[in-house]
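According to my numbering, the sequence shown is numbered sequentially starting from 3. Every residue gets a Cβ at the ideal spot worked out from N, C-alpha and C, and that includes glycine.
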Amino acid sequence: MMMMMTIKRVLFISIFSVLTGVIFSQAKDFGIWYGVSAEHKLIKNLEVDFSTCIRTFDNASKIEEAFFDVGLTYKFNKYLAAGGSYRLTENIENDDSYHLQHKWFFDVKGSFSLENFSFSGRFRLQERFKTYFKDAEDKVPDFHGRYRLTALYNIPSFPVNPYISAEIFCPMFKDSERRIDKNRFIGGFEYKIVKKHTLEAEYIFQRDYLPHISNMNLISINYNIKF
């Protein structure tokens, strides 16, 4: 009982701390992310996933990137899953034009539940290919390791469930000025509209460290479908 009270207290404090970042952070910009995702079970333990998203910046007045991705996820059991996906992205670059990028992801995911809490973690290996080359380094694919932890509270007999999440981005397979070059702190909730239809709304504080420190406040809205 004492352990559950402690977990609830930590979760509440964490959500409050993340959300108050909107007020107290030194963010220079604001953006909104609009997304739709879908999951479909192909065979036992194997799912195909689709998602598309538009991300804005400059106080949500301009599109920074738009992407579509598709992937497969295999569930070994209720605790462990792995998958891979491909993303086709169009990003605004330094010439103020949009250029294609190609990204590959490999994910390992773990999760478990404790009473009304759900905890999950994900390691993602990301490889990116650019088509806009400002210098010679841009021609070489870059790799990141992404580590994410999430805690969700399932409110009994209520369609809204709050959660918090944190993710760090670590450059891999090359020399870098920093071991971590980006992080995200997230507070949000999922709303179960009807069976297999869910709406997620999040506040995200994102900090990029390279080429210089740049902060953003983000609102993310995502509609999820399972079919």
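Item                                                                                                                                        : Value
If residue 198 sits next to residue 223, beta carbons under 8 Å apart, how far is it from one beta carbon to the other, in whole angstroms? : In fact, because the Cβ distance is near 18 Å, the residues do not count as touching under 8 Å.
Relative to the C-alpha of residue 123, which residue among 149, 98 and 139 is closest?                                                     : 149
What is the DSSP secondary structure of residue 139, reduced to helix, strand or coil?                                                      : helix
Buried or exposed: residue 5, going by 16 or more other Cβ atoms within 10 Å of its Cβ?                                                     : Note on residue 5: pLDDT 47, under 50, position unreliable in the model; no value is reported.
Give the straight-line distance between the Cα atoms of residue 205 and residue 127, rounded to the nearest whole angstrom.                 : 24 Å
Quick check on the DSSP output: the beta strand (DSSP E) that includes residue 251 runs from which residue to which?                        : The requested residue 251 does not occur in the structure, where the chain is confined to residues 3 to 229.
Nearest-angstrom Cα distance between residue 200 and residue 138?                                                                           : 43 Å
For residue 165, is the classification buried or exposed, using 16 other Cβ atoms within 10 angstroms of its Cβ as the cut-off for buried?  : buried
Which partner residues does residue 163 have in the DSSP bridge list?                                                                       : 192
What is the rounded straight-line gap between the Cα of residue 40 and the Cα of residue 202?                                               : 13 Å
Contact check, residue 37 vs residue 218 under 8 Å by CB: the rounded distance?                                                             : Actually they do not touch by this definition, with Cβ atoms about 16 Å apart.
Within the segment 42 to 90, note down every full alpha helix (DSSP H) run reaching 4 residues or more, in order along the chain.           : none
From the DSSP output, in three-state form, read off residue 243 for me.                                                                     : The requested residue 243 is not part of the displayed model; the chain covers only 3 to 229.
Just the Cα atoms here: how many angstroms apart are residue 52 and residue 66?                                                             : 20 Å
Below 8 Å, how does it come out for the segment 78 to 88 and the segment 107 to 114: are there three or more Cβ pairs, yes or no?           : yes
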